[in-house]
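So the sequence lines, in the order shown, correspond to chains A and B. Under our numbering, the first residue of the first sequence is numbered 160, with each subsequent residue one higher. Under our numbering, the first residue of the second sequence is numbered 71, with each subsequent residue one higher.
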Amino acid sequence: MELFEVDMAQAGEITPLDYTRYDFKNPETYRLRIPKGLSRDVVTQISKFKDEPTWMLEYRLRAYDHFVERPMPDWGPDLGDIDFDSYTYYANPLLEGETKRKWEDLPDDIKNTFEKLGIPKAEREYFGGVGAQYDSGTVYHKIREDLVKKGVVFCDTDTAVKEHPDIVRKYFGKIVPYNDNKFSALNSAVWSGGSFVYVPPGVDAGIPLQAYFRINAKNVGQFERTLIIADQGAKVHYIEGCGPAGEEILVGDRVTPIEQIAVGQRVLNSDGVETTVEKTMVRRYDGDLVGVHPASPGNAFQLTPEHPVLCIPRRKVSKGQYGFQSYDILDHERIQTITPEFVPAGELHPGDFLVYPINKTTRDDSSFTDATMVVLGYYLAEGCVQLINECKAVTFTFHIDETEYVEELSKAITELTGKVPWKNPQPERHAVTVGVYSEALYERCLEHAGKYAEAKALSKAVMDLPPAKQRSLLRCYYNGDGNVSQMHGTVLRVMTVSRQLAFQVQELQARQGFFATIRIREPFEETMKDGRRISHRRMYTIYHRPNRHVRTVIRRGDSFLVPIREMSWTPYHGDVYNFHVAGENNTYLVKGFSVHNCTAPIYSTDSLHAAVVEVVAEPHAKVRYTTVQNWSKNVYNLVTKRAVAYEDALVEWVDGNMGSKVTMKYPSVYLRGRRARADILSVAFASQGQIIDSGAKAVHSAPDTSSKIISKSIAIRGGQTSYRGLLHVAPGATGVKAAVRCDALLPDESGRSDTYPYNEIHEEDATITHEAVVGKIGEEQIFYLMSRGLSESDAIHLILMGFLAEFSKELPVDYALELNRLIQLEMAGAVG
Amino acid sequence: MTEPSAPKQHSLVVEDFHAEVAGKEILRGVNLTLKSGELTALMGPNGSGKSTLAYALMGHPKYKVTRGRALLDGQDLLALSVDKRARAGLFLGFQYPQEISGLSLSKFLWTSYMQSHTAETADTAAYDRELQTHLGFLGMDSALLKRSLNEGFSGGEKKRVEVLQMATLHPIFAILDEPDSGLDIDAVRAVGETVAKLHRPDAGILLITHYQRILKYVKPDRVHVMVDGVIARSGGRELAEELEAKGYDFVRPAQATA
């Protein structure tokens with residue numbers, strides 16, 4: 160049987176399909192979408208959507224047949240996990256030909272996504288033309304009028320097939336034939352979107368043209384096709400940005416929606432021990448989801464019925480009738496000795512005990528003194544970081560009667576900063592403000608406790624401190640924000656609008672030996688009080704009893720057993736997520752409770768980006784192609800980029816690869832005319848879970864041609880980079896000059912870097928130089944920078960940015976800043 | 071904004087300071103007090119421990135302090151990380167400065183400067199003016215600012231860049247480790263005269279040198295001679311001249327009887 164059967168009735172559906180209700184992550188509203196899987200029919204359907212001429216359909220089908228026959232590459236990174244039938248090959252948020260020329264016309268969600276990437280701001284300020292592609296669809300394309308008048312063409316390739324058939328037919332597939340490699344064949348079969356650029360003879364396009372590419376949905380492949388032709392003496396600079404908006408960069412200490420879990424991330428298992436996510440999976444699911452509502456309502460979660468959940472079934476430990484409402488008699492001795500078991504979520508009952516493990520991770524850090532914890536505790540409750548007269552300050556607002564807390568805080572601030580904080584009484588507000596100018600304290604509060612009420616959250620460093628230290632923080636936080644209720648004994652409670660903080664406080668209380676329950680009050684509309692507008696945001700209340708546990712929750716070793724109050728069933732159609740974690744204990748926590756990796760059939764959540772880029776530089780033309788690739792870390796990025804340079808032409812590839820799971824990309828230049836030049840600058844930055852196999856090819860087939868290849872790579876936190884290069888000098892190509900330089904940097908020595916240079920030199924007079932250096936960041940360099948007052952992570956960051964300076968100075972400023980920010984983020988995880 | 075307006079007296083007190091490198095004890099009980107307003111020269115033969123003292127005070131990870139204290143205005147330097155020592159006001163001018171590819175000298179200087187300033191306290195105009203003045207003093211081409219830090223710099227350029235950093239950072243105590251070694255006569259003079267000019271009443275300088283020739287320009291208030299990891303002899307400027315005339319051998323017996 161076929162691995163996947165295309166439902167042509169559905170595939171051919173031109174009426175709008177609304178997928179939003181099926182997805183709970185990003186809205187995926189596609190006007191056109193072909194169900195996942197690949198076949199001749201899918202290829203035909205794509206061509207039909209696009210209303211293509213026959214020659215293109217025939218080309219696609221030839222390419223498809225070659226793709227099927229062609230084996231996977233037997234070299235380079237392992238691509239064995241790619242399951243071609245798990246991808247959607249065509250998903251377009253617009254109808255074909257509906258590409259917008261006005262930014263305002265775009266649907267809001269798409270507009271928002273791209274605005275996070277800096278368009279249309281970039282367009283107004285800098286670029287001569289901008290294109291944007293969202294999965295398969297080119298949603299936006301615009302070029303400046305002055306360039307149009309000069310005869311410059313900049314449109315999506317689908318449009319070019321219709322409007323410039325002669326040029327497209329002349330060049331399409333001539334630089335990169337479909338049978339060049341398996342992925343060029345795949346692209347040639349299913350391509351959609353991409354840019355087409357034509358610059359007429361002698362015209363200098365001047366300001367760069369820019370395109371953004373974004374894969375939104377998981378398992379959607381993006382296969383854009385770009386063709387750039389610079390006619391005789393023409394000049395053009397094309398820039399492409401690939402990648403997610405910032406929100407997908409993940410941090411290990413956050414309560415993260417499960418669908419955002421990435422490979423390599425640290426999660427807790429059922430023993431309360433940190434482990435690493437090895438693989439993430441998603442599958443389509445059609446059926447009921449089981450809702451498990453424990454005694455702490457805020458910890459409710461949903462799973463598929465077959466998903467195993469760690470529990471102690473109540474019937475096994477009850478001496479009498481069981482059920483949450485009736486107080487049955489429990490066999491407490493048995494509760495302490497029985498081994499919890501995995502029960503499919505669909506078979507759980509109210510009253511069964513879920514296992515809430517106490518996080519055992521403890522990493523002390525002597526830079527957190529008791530005074531630090533006091534300040535952070537009050538900061539969570541009452542604090543605010545702000546710039547006052549452009550000077551960094553931390554301020555706290557207390558009730559005027561809270562003199563004791565004000566004193567404790569002031570003392571701690573003085574101990575930390577050596578400064579006496581100011582105190583401004585504001586009797587009319589019954590408040591007193593405490594504040595101090597201190598850059599160090601400002602940075603520390605920001606780093607370890609966040610900013611603004613909704614975003615307050617503790618850093619991983621604080622969460623991992625010994626529980627004894629954390630006690631002061633909790634005490635001061637409760638001093639500020641907590642209150643005591645005397646219903647059925649003393650209950651301490653604290654309220655926050657930060658979801659993150661609510662779950663962190665629950666975790667911290669667990670480490671103190673208390674199970675705290677979380678209740679959620681849904682937001683409601685604004686009300687007026689004392690003439691002021693009050694908005695009611697979603698509010699989390701955390702309760703615990705300092706004297707005894709909530710009656711129904713039982714401490715068992717390093718866990719709490721929390722009874723299920725209620726079960727619910729909800730119909731669902733959409734993606735469900737799951738992941739494998741390292742170690743034998745293949746478990747993880749959902750809202751604090753232990754579940755097992757689900758054994759249901761799975762698909763990888765990977766996405767596939769297989770682009771083909773063809774560049775033609777006619778005699779005396781100059782083309783620069785800049786790429787900044789920051790795909791999210793589940794994308795296979797397998798791209799074929801090739802240029803042909805004729806007499807006296809210059810082609811420059813500036814190619815930066817920071818994102819993706821696996822990248823294989825070797826921009827190449829075929830130097831076919833006398834004195835043609837190639838300049839290739841390729842940069843790779845690989846962190847945890849990433850393999851970037853990149854490089855360059857220069858094929859000299861004419862005399863007096865020259866090429867310069869510079870490859871820079873950084874591999875940290877176990878990332879891998881490889882340089883794979885080819886230098887070919889054909890017989891008859893005399894007087895060739897070629898220089899290759901490969902610099903690799905391994906800052907923490909956990910990364911890996913390999914170099915595979917291939918030289919095929921058939922003319923003796925060729926001047927070839929090759930340098931390869933693998934370095935690490937020297938202790939002496941770090942010491943030197945630190946002796947000037949820079950922190951260790953700042954020192955490393957400066958050294959890394961210096962290493963990449965040759966690349967970053969070639970980028971537009973927004974991209975250079977983004978690169979800077981990205982490396983800073985990666986280093987923040989690697990150091991300290 | 072909490073900066074006091076009147077110049078303050080500072081002190082760097084080194085007491086019974088012992089340090090080892092790779093398990094080998096180099097410093098065997100150094101006692102030294104630096105005061106602001108004073109220019110102190112530390113002389114001594116090769117291998118006597120002068121540079122070790124400089125690195126150990128700055129906190130180089132390979133130099134282990136096994137005994138003793140170092141207090142900057144009463145604050146325990148040894149409890150601070152390298153960057154915090156720098157922010158506390160300590161500066162080390164390196165004998166062999168590191169090269170950092172891609173990091174321009176101007177960016178490095180500004181980043182270092184901003185470690186002890188906020189957006190409010192930083193005075194860009196004054197910074198630029200001062201930088202140009204010091205470049206002039208040191209006879210340096212401002213084109214150097216655009217180049218990668220120390221990369222491909224001549225020996226003399228590297229030494230001048232160290233002094234330039236001291237000039238822009240305004241440390242409370244600067245230790246200059248052989249700023250004159252490997253320099254020709256003109257360069258020694260430029261470096262020496264600049265150090266003398268930079269010497270302020272509210273800051274102190276400890277100049278480590280092997281030779282007397284730079285002292286002609288910097289004119290130290292105090293001279294200490296280190297031999298075998300201890301201060302073997304201390305005195306005024308005349309001690310340096312005596313050393314020049316008699317060589318280091320003449321201090322050794324003093325150490326032997328100490």
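The beta-carbon is built from N, C-alpha and C at its ideal position, and this holds for glycine as well.
ask   = Which residues, in order along the stretch 138–156 of chain B, keep a beta-carbon less than 7 Å from a beta-carbon of chain A?
value = Val152, Asp153, Ala156
query = Does the pairing of the stretch 338–353 of chain A with the stretch 718–732 of chain A give three or more beta-carbon distances under 8 Å?
reply = no
key: Asp924 of chain A CB to nearest heavy atom of the ligand NAD below 7 Å   = In the structure on display, the ligand NAD does not appear, and there are no ligands present to speak of.
query = Are the stretch 217–225 of chain B and the stretch 148–162 of chain B touching, with three or more C-beta to C-beta distances below 8 Å?
reply = no
request  = Check each candidate in A:Leu605, A:Thr700, A:Asn378, A:Phe501 and name the one with the smallest Cα separation from Ser245 of chain A.
outcome  = A:Asn378
key: Cβ of Glu402 of chain B within 8 Å of any chain A Cβ   = The question about residue 402 of chain B has no answer here: the residues shown for chain B are numbered 71 through 328.
ask   = From the beta carbon of Pro186 of chain A, is the nearest beta carbon of chain B less than 8 Å away?
value = Confidence in Pro186 of chain A is poor, its pLDDT being 40 and thus under 50, which makes the residue's placement unreliable; the coordinate value appears in the next sentence. No, Pro186 of chain A lies away from the interface with chain B (no Cβ there is under 8 Å from its Cβ).
ask   = Are the C-beta of Glu965 of chain A and some C-beta of chain B separated by less than 8 Å?
value = yes
Sequence-distant residues of the same chain with beta carbon closer than 6 Å to Ala244 of chain B, five excluded per side = Phe161, Met236, Ile275
message = Less than 8 Å between C-beta atoms, sequence neighbours within five positions excluded: which residues of the same chain meet that for Ala92 of chain B?
response = Lys132
query = Should the stretch 331–338 of chain A be regarded as contacting the stretch 794–807 of chain A, the criterion being three or more beta carbon pairs within less than 8 Å?
reply = yes
request  = Write down the C-beta distance between Leu253 of chain A and Gly296 of chain A rounded to the nearest angstrom, noting that I regard them as a contact closer than 8 Å.
outcome  = 5 Å
ask   = Per DSSP, which one or two residues make a beta bridge with Ser182 of chain B?
value = In the DSSP output, where bridge partners are listed per residue, Ser182 of chain B has none listed.
query = Alpha carbon to alpha carbon, how far is Gly256 of chain A from Lys270 of chain A?
reply = 18 Å
key: Cα-Cα separation, His396 of chain A to Ala614 of chain A   = Rounded to whole angstroms, the gap between the alpha carbons of His396 of chain A and Ala614 of chain A is 41 Å.
ask   = Which parts of the stretch 516–589 of chain A are runs of the beta strand (DSSP E), unbroken and 3 residues or longer, counting only runs that do not cross its ends?
value = 542–547, 550–558, 581–585
task = Measure from the C-beta of Phe149 of chain A to each C-beta in chain B and report whether the shortest distance is under 8 Å.
result = What the structure shows of chain A is the stretch from 160 to 991, and residue 149 of chain A is not part of that stretch, so it cannot be assessed.
message = Can you tell me which residues form a DSSP beta bridge with Asn796 of chain A?
response = A:His768, A:Thr822
ask   = For Ala964 of chain A versus Glu383 of chain A, is the C-beta spacing smaller than 8 Å?
value = no
inquiry  = In this structure, how does DSSP classify Ala273 of chain B when only helix, strand and coil are distinguished?
reply    = coil
query = Which chain B residues are close to Lys551 of chain A, counting only those with a beta carbon under 7 Å from its beta carbon?
reply = Thr188
message = For the beta strand (DSSP E) containing Gly225 of chain B, name the first residue and the last one.
response = Not the beta strand (DSSP E): Gly225 of chain B falls in the alpha helix (DSSP H), residues 225–239.
query = Sorted by chain position, which residues of the same chain lie with C-beta nearer than 6 Å to Gly299 of chain B's C-beta, five sequence neighbours on each side aside?
reply = Ile96, Leu97, Arg98, Gly119
task = My understanding is that Ser354 of chain A touches Asp315 of chain A, with C-beta atoms under 8 Å, so please give their C-beta distance in whole angstroms.
result = 7 Å
query = Which residues, in order along the stretch 523–548 of chain A, keep a beta-carbon less than 7 Å from a beta-carbon of chain B?
reply = Asn548
inquiry  = Rounding to the nearest angstrom, what Cα-Cα distance links Ile301 of chain B and Gln545 of chain A in this structure?
reply    = 50 Å
ask   = Using 8 Å as the limit for Cβ to Cβ distance, is Lys251 of chain B near chain A?
value = Per the sequence shown, residue 251 of chain B should be read as Ser rather than Lys. So no, Ser251 of chain B is outside the interface.
query = Using a beta-carbon distance below 8 Å, is Thr194 of chain B in contact with chain C?
reply = Of the protein chains in this structure, namely A and B, none is chain C.
inquiry  = Counting only Cβ-Cβ distances shorter than 7 Å, please list the residues of the stretch 160–187 of chain B near chain A, keeping chain order.
reply    = Leu162, Phe164, Pro167, Gln168, Ile170, Ser171, Gly172, Leu173, Thr181, Ser182, Gln185, Ser186
request  = Within its chain, find whatever has a CB closer than 8 Å to the CB of Ser657 of chain A; leave out the 5 residues flanking it on each side and keep chain order.
outcome  = Gly609, Ala612, Glu613, Ala614, Lys615, Ala616, Tyr699
inquiry  = Could you check whether Arg876 of chain A and Gln847 of chain A sit closer than 8 Å to each other, using their CB atoms as the reference points?
reply    = yes
inquiry  = I'd like to know if Leu234 of chain B contacts chain A, where contact means its C-beta is closer than 8 Å to some C-beta of that chain.
reply    = Contact of Leu234 of chain B with chain A is not assigned, every C-beta pair being separated by 8 Å or more.
ask   = Looking at the unbroken beta strand (DSSP E) that takes in Phe372 of chain A, where does it start and where does it end?
value = 368–373
message = Does Asp913 of chain A come out as helix, strand or coil in the three-state DSSP assignment?
response = Three-state DSSP puts Asp913 of chain A in a strand.
key: Rounded separation between Val774 of chain A and Val810 of chain A - CA only   = In this model, Val774 of chain A and Val810 of chain A are separated by some 9 Å (Cα to Cα).
query = Under 7 Å Cβ-Cβ, which residues of chain A neighbour Met128 of chain B?
reply = Ser946
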